[in-house]
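Shown next, in C-alpha cells, is the structure this report addresses.
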Amino acid sequence: MSNDLIQTASVIRYPYLWAREAERGETEGRKERPVAVGVRMPRPDGDLVLFFPITTKQPGASRFAVEVPVIEKRRAGLRCRSQTLDHLR
Numbered sequence: 846m847s848n849d850l851i852q853t854a855s856v857i858r859y860p861y862l863w864a865r866e867a868e869r870g871e872t873e874g875r876k877e878r879p880v881a882v883g884v885r886m887p888r889p890d891g892d893l894v895l896f897f898p899i900t901t902k903q904p905g906a907s908r909f910a911v912e913v914p915v916i917e918k919r920r921a922g923l924r925c926r927s928q929t930l931d932h933l934r
C-alpha cells in the first residue's frame, strides 16, 4: 500500500493488532481489517498515525465505540447490513 493512501479520515485495510492480542505476546495483526485513519501527523523521525479499527462486534463495557453511519459505510465500501463500530481505546 502506498503511504499516500494513509491520510486522515480515510478508511484502509490494515493488519490491526488488538490490545488483547498484544497482551498475549502477539506482534502482528491476524488479518487485514478496515481501519479509520484518525490522524496522520508528519514528523521528522517518521509519521505518527492513529488507527481506529472497524468491527461488527459490540465492544466490552469498558470500551468506547461509535456506530458508523450507513452513508459512511457506503463511501468506505463496507457492508451496510450489519452494525459497524469504530473502536476507540
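One gets my numbering by counting positions in the sequence shown from 1 and adding 845 to each.
Just so it is clear, CB atoms sit at the ideal spot from N, CA and C, and this is done for glycine as well.
Discussion item. Can you tell me whether Phe866 is helix, strand or coil according to DSSP?
Written reply: For the purposes of this step, residue 866 is taken as the residue at position 21 of the sequence shown. For the record, residue 866 in the displayed sequence is Glu; it is not Phe. Reduced to three states, the DSSP call for Glu866 is helix.
Worksheet item: Nearest to Tyr859 by CA position, among Glu917, Glu866, Ile899, is which residue?
Response: For this step, residue 859 is matched to residue 14 along the sequence shown. Of the listed residues, the one whose Cα sits closest to Tyr859 is Ile899.
Worksheet item: Going by the beta-carbon positions, is the gap between Val913 and Ile851 smaller than 8 Å?
Response: What you label residue 913 is simply residue 68 of the sequence shown in a count that begins at 1. What you label residue 851 is simply residue 6 of the sequence shown in a count that begins at 1. Cβ atoms of Val913 and Ile851: not closer than 8 Å.
Fill in: Nearest residue (CA-CA) to Lys918, options Trp863, Val880, Thr872
For the purposes of this step, residue 918 is taken as the residue at position 73 of the sequence shown. Of the candidates Trp863, Val880, Thr872, the one whose C-alpha sits nearest the C-alpha of Lys918 is Val880.
Practice prompt. Could you work out which residue in Phe909, Glu873, Ala864, Arg924 is closest to Val915 when comparing CA atoms only?
Written response: For the purposes of this step, residue 915 is identified with residue 70 of the sequence shown, where counting begins at 1. That would be Arg924, whose Cα lies nearest to the Cα of Val915.
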